[in-house]
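Peer 1: Just so you know, the sequences run in chain order D and S.
Its first residue numbered 5, the first sequence is counted upward by one per residue in my numbering.
Its first residue numbered -1, the second sequence is counted upward by one per residue in my numbering.
Sharing a structure, written as structure tokens. Questions coming.
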Amino acid sequence: MHTDARTLQSGTVLEGDICIVGAGAAGITIARELASDTRLKILLLEGGGFEREDKMQDLYRGDIVGEPYFPLQAAAEHYFGGTTNHWAGWCSTYDPIDFEKRDWVPHSGWPITRADLEPYYVRAQSIVDLGPYKWSAADWKNGDAARAPLLADSRAVWSKMWQFSPPTRFNAKYRDEIVKSPNIHLYTYANVVEVQADDGLRAVQSVRIRTLEGKELRAHAARFVLACHTIQNARLLLASNRQARNGLGNGNDLVGRYFMEHFEMPAAELVLADPKLTGTRLYEFDGTGTPRAELALSPEIEKEHRILNGTASVEAGNYGDPVKSTFQFIDTVMMNKMRTWEEGGKKGPHPIAVASASLAPRGSGPPRFYHLTTRQEQAPNPDSRVTLSPEKDALGMPRARLDWRFTDLDKRSMRTFYEIVGSEMGRTGTGRVQIRDWLLGDDRTWPSFVSGGWHHMGTTRMAADPKQGVVDANCRVHGIANLYIGGAAVYATAGSVNPTLTLLALSLRLAEHLKTAR
Amino acid sequence: MLGAERVRELGKKYLSSAPGENNPEALREAISRGTGVRLLGRGSIDDTIRSEFAAGHTVLVDGWVLSVTEARQAALFSLTPA
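This is the structure in structure tokens:
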């Protein structure tokens, strides 16, 4: 069922068993899973409609302080389907080490393990139309010697696989299913502006909803799930401060802290000793969905060198050509071009392919030079955080203020990564690696092109101890019996790869918990 | 692999960071010590370089991850007339 909240009378009270705030990848996945239990009435509240609208995106606008960041209203999509409406579809699984307590990474460690997520990862594949659950390089050699992994005998370096979603747009794929579901009631243009708890702040009673037209509604449910994006989840809890001065669920001053991204920046060059003898096809991005690999370090080496988890993409190019970071390359202009191309039926080459053409390897024969681009977690940092801006949006809600910050470990880890890869390339006679200038200086100076990947994580991190995290192992807010958080906001560490597949696995796990723990 | 000009430049940069080795004899001596033998042939140098990479006996020269011996080889090359 679907209702446009703007058509309801002010004062209307919505009633359900479970109320999910936000119809993005997490909210839709949780709702679909819960819908199989026909006894449940599920309220799914989406702030936007079914199309992108500037006035709805503007509700996501916020302040940027600290390190430079992409405009918040362009970094996430505020309508049905959420940010799957503009994601690129890159998927990979987190590594076991991502969930472990690492004594060299402050605040690391989840209260769950990689093994706990395994069955949900398997099921998550089909949600975003991935191939089989095969994640080793050997699985994707495809009988092609040129797809053999680099440094195959190395104990230090391995090749981590990626699979590519078409990309699945949840708006297109799941809209009809949700609208036709007998026990999911989707409300669009229903922006939640406050979460209201009982007097003891031990349970949520309702959420307050506003429309841009000035209507005010309320939703009651037995249980609530906030799944409205990492930054917006924190913003909503912090802005729910009439009963708790620092915001709901924030008794330990943790809501909004530990905001994390993935660094995505050009970091090194690789020159092969003999291009004719070294196949690199496993690392190619061919744009047709063929899985590809990136270079990664073994957990033993990361432990030995006390560094973060990361990978490097291997892209053929020309020595000395300018290479852009993700934020530089896919700016708002490129985003608009990609949206137009997709909405126009994908006619002609992809805009990224057009923009990349000038950087293609020149000359004949197999390429000798490759650009290595870092993809790395940032260390969990309590000072990297989301707070509230003094400015309010059109609904009267304080805007988010993002203070993105780094640590010395972030940069040292990147440099060490390439020193190790460079040594392994030299040891095996494969080639040589040159680390880019910006990575050679001190560990506190960052270049102007510092970049994430629009991967927003943390802010309501998971921890067994309420003094270390906002939610417990079941994504339930510590101290509040019926409030849960969905999405990448609960990540305790960022992992090295894009967050969506893990977000889906966690959503499936949360839905199972909600179905069984009544 | 890197080309003669780049190797020559790398050699100069290495010497600027290791001025004590800035003469051919010192470099030959250091390279010999590195191999454990006196420049017997290309094979033994290659083995040394690979061993140095395996042991992490590397230096960063203009960002290049080089074994110490090959950095010294580049330095020696840079001292020879072009």
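Cβ coordinates follow ideal geometry from the N, Cα and C atoms, glycine included.
1) By Cβ distance, which residues of its chain are closer than 6 Å to residue 103 (chain D), with the 5 residues on each side in sequence left out?
2) Answer with yes or no whether the minimum CB distance from residue 54 (chain S) to chain D is below 9 Å.
3) Just the Cα atoms here: how many angstroms apart are residue 260 (chain D) and residue 462 (chain D)?
4) Using 8 Å as the threshold, is the region 206 to 221 of chain D in touch with the region 475 to 489 of chain D, meaning 3 or more CB pairs across them?
5) Can you give me, in chain order, the residues of the region 428 to 445 of chain D that have a beta carbon less than 9 Å from any beta carbon in chain S?
6) Can you list, in chain order, the residues of its chain whose CB lies under 8 Å from that of residue 159 (chain D), leaving out five sequence neighbours each side?
7) Counting only beta-carbon atoms, is residue 64 (chain S) nearer than 9 Å to chain D?
8) Strictly below 9 Å CB to CB, what residues from chain S border residue 426 (chain D)?
9) Report yes or no: is there a C-beta of chain S within less than 9 Å of the C-beta of residue 276 (chain D)?
10) Between which two residues does the alpha helix (DSSP H) holding residue 137 (chain D) run?
11) Can you find a CB in chain D that lies within less than 9 Å of the CB of residue 37 (chain S)?
12) Can we say the region 90 to 109 of chain D touches the region 175 to 195 of chain D, given the rule of at least three CB pairs closer than 8 Å?
13) In terms of DSSP beta bridges, what is residue 210 (chain D) paired with?
14) In the DSSP assignment, find the unbroken beta strand (DSSP E) run with residue 7 (chain D) in it and report its ends.
15) Alpha carbon to alpha carbon, what distance is there between residue 254 (chain D) and residue 3 (chain D)?
16) Residue 362 (chain D): which of D:150, D:346, D:325, D:383 sits nearest, CA to CA?
17) Rank D:232, D:172, D:171, D:141 by C-alpha distance to the C-alpha of residue 196 (chain D) and give the top, closest one.
18) Could I get the ranges of all uninterrupted beta strand (DSSP E) runs contained in the region 333 to 416 of chain D, with 3 residues as the minimum, in chain order?
19) Indicate the three-state DSSP secondary structure (helix, strand or coil) for residue 421 (chain D) in the structure shown.
20) Let me see if you follow: with CB-CB separation under 9 Å, is residue 0 (chain S) close to chain D or not?
21) Excluding sequence positions up to five away, which residues of its chain have a Cβ less than 6 Å from the Cβ of residue 426 (chain D)?
22) Determine the extent of the beta strand (DSSP E) in which residue 267 (chain D) is found, giving its start and end residues.
23) Tell me, to the nearest whole angstrom, how far the beta carbon of residue 140 (chain D) is from that of residue 314 (chain D); I am working on the premise that it is less than 8 Å.
24) First and last residue of the beta strand (DSSP E) that includes residue 316 (chain D)?
25) Going by C-alpha distance, which of D:19, D:57, D:13, D:89 is nearest residue 343 (chain D)?
26) Can you list, in chain order, the residues of its chain whose CB lies under 6 Å from that of residue 506 (chain D), leaving out five sequence neighbours each side?
27) Check the Cβ of residue 423 (chain D) against every Cβ in chain S and list those closer than 9 Å, keeping chain order.
28) Shortest alpha-carbon distance to residue 300 (chain D) belongs to which of D:474, D:478, D:13, D:101?
29) Verify the CB distance criterion: does residue 300 (chain D) have a CB-CB separation below 9 Å to chain S?
30) Just to confirm before moving on: does the CB-CB distance between residue 111 (chain D) and residue 386 (chain D) stay below 9 Å?
31) Name, please, each residue of chain D whose Cβ falls closer than 9 Å to the Cβ of residue 48 (chain S).
32) For the region 149 to 165 of chain D and the region 61 to 70 of chain D, state whether three or more C-beta atom pairs, one from each stretch, are separated by less than 8 Å.
33) Start and end of the alpha helix (DSSP H) containing residue 301 (chain D)?
34) Comparing alpha-carbon positions, which option in D:79, D:455, D:454, D:478 lies nearest residue 465 (chain D)?
35) For residue 440 (chain D), collect the residues of the same chain with a Cβ closer than 8 Å to its Cβ; drop the 5 residues on either side in sequence, then sort them by chain order.
36) Using a Cβ-Cβ cut-off of 8 Å (strictly less than) and excluding sequence neighbours within five positions of residue 149 (chain D), which residues of its own chain qualify?
Peer 2: Per the coordinate set shown:
1) As a position in the first sequence, residue 103 (chain D) is number 99, starting the count at 1. Counting only Cβ-Cβ distances below 6 Å, and skipping sequence neighbours, we find 114, 117, 118.
2) Stepping through the second sequence from its first residue, residue 54 (chain S) is reached at position 56. By this cut-off, residue 54 (chain S) is an interface position.
3) Within the first sequence, the letter at position 256 stands for residue 260 (chain D). Within the first sequence, the letter at position 458 stands for residue 462 (chain D). Roughly 8 Å between the two C-alpha positions.
4) yes
5) 428, 429, 430, 431, 432, 433, 435, 436, 437, 438, 439, 440, 441, 443, 444
6) Residue 159 (chain D) sits at position 155 when you count from the first residue of the first sequence. Within the same chain, residue 159 (chain D) has close Cβ partners 302, 304, 305.
7) Position 66 of the second sequence, counted from the start, is the residue given in the question as residue 64 (chain S). Yes - at least one Cβ of chain D is within 9 Å of the one on residue 64 (chain S).
8) Here residue 426 (chain D) refers to the residue found at position 422 of the first sequence. Here the neighbours are 51, 56, 58, 62, 63, 64.
9) Position 272 of the first sequence holds residue 276 (chain D). True, the Cβ-Cβ gap to chain S drops below 9 Å.
10) Walking along the first sequence from the start, residue 137 (chain D) turns up at place 133. It is not in any alpha helix (DSSP H) - residue 137 (chain D) carries neither H nor E in the DSSP assignment.
11) Taking the second sequence and counting its residues from 1, the one referred to as residue 37 (chain S) is at position 39. Any reading at residue 37 (chain S) must be qualified, since the residue scores a pLDDT of 45, below 50, and its modelled position is unreliable; the value itself is stated next. Residue 37 (chain S) does not count as touching chain D.
12) no
13) Indexing the first sequence from 1 puts residue 210 (chain D) at position 206. Note: residue 210 (chain D) sits in a beta bridge opposite D:200, D:224.
14) Here residue 7 (chain D) refers to the residue found at position 3 of the first sequence. That run of the beta strand (DSSP E) goes 6 to 8.
15) Outside the shown range of chain D (5 to 522) lies residue 3 (chain D), about which nothing can therefore be said.
16) Position 358 of the first sequence, counting from 1, holds the residue named residue 362 (chain D). Nearest C-alpha to residue 362 (chain D): D:325.
17) Here residue 196 (chain D) corresponds to residue number 192 of the first sequence, with the count starting at 1. Considering only alpha carbons, the answer is D:232.
18) 373 to 381, 389 to 396, 402 to 408
19) One-based indexing of the first sequence puts residue 421 (chain D) at position 417. Helix at residue 421 (chain D).
20) Taking the second sequence and counting its residues from 1, the one referred to as residue 0 (chain S) is at position 2. Taking Cβ atoms only, chain D reaches closer than 9 Å to residue 0 (chain S), which makes this a yes.
21) The residue you call residue 426 (chain D) lines up with position 422 of the first sequence. So the qualifying residues of the chain are 437.
22) Walking along the first sequence from the start, residue 267 (chain D) turns up at place 263. Element bounds for residue 267 (chain D): 266 to 276.
23) On the first sequence, residue 140 (chain D) is found 136 positions in, with the first residue counted as 1. On the first sequence, residue 314 (chain D) is found 310 positions in, with the first residue counted as 1. Not quite, the Cβ-Cβ distance comes to about 19 Å (not below 8 Å), so this is no contact.
24) In the first sequence, the residue the question calls residue 316 (chain D) occupies position 312. From DSSP, the beta strand (DSSP E) with residue 316 (chain D) extends over 314 to 320.
25) Within the first sequence, the letter at position 339 stands for residue 343 (chain D). Considering only alpha carbons, the answer is D:89.
26) Locating residue 506 (chain D) in the first sequence gives position 502, counting from the first residue. The answer, listed in chain order, is 98.
27) As a first step, residue 423 (chain D) is located in the first sequence; it is residue number 419 there, counting from the start. Per Cβ cutoff of 9 Å: 54, 56, 58, 63.
28) Counted from its first residue, the first sequence places residue 300 (chain D) at position 296. The candidate whose alpha carbon is nearest that of residue 300 (chain D) is D:101.
29) Numbered from 1 along the first sequence, position 296 holds the residue referred to as residue 300 (chain D). With 9 Å as the cut-off, residue 300 (chain D) does not count as an interface residue toward chain S.
30) Counting from one through the first sequence, the residue named residue 111 (chain D) turns up at place 107. Counting from one through the first sequence, the residue named residue 386 (chain D) turns up at place 382. A contact, by the Cβ cut-off of 9 Å.
31) Locating residue 48 (chain S) in the second sequence gives position 50, counting from the first residue. The answer, in chain order, is 430, 431, 432, 433.
32) no
33) As a first step, residue 301 (chain D) must be located in the first sequence, where it is residue number 297. Note, residue 301 (chain D): premise wrong, no alpha helix (DSSP H); beta strand (DSSP E) at 296 to 301.
34) For the purposes of this step, residue 465 (chain D) is taken as residue 461 along the first sequence, with counting starting at 1. Of the listed residues, the one whose Cα sits closest to residue 465 (chain D) is D:478.
35) Counting from one through the first sequence, the residue named residue 440 (chain D) turns up at place 436. Result list for residue 440 (chain D): 270, 271, 272, 273, in chain order.
36) Position 145 of the first sequence holds residue 149 (chain D). Same-chain partners within the cutoff: 283.
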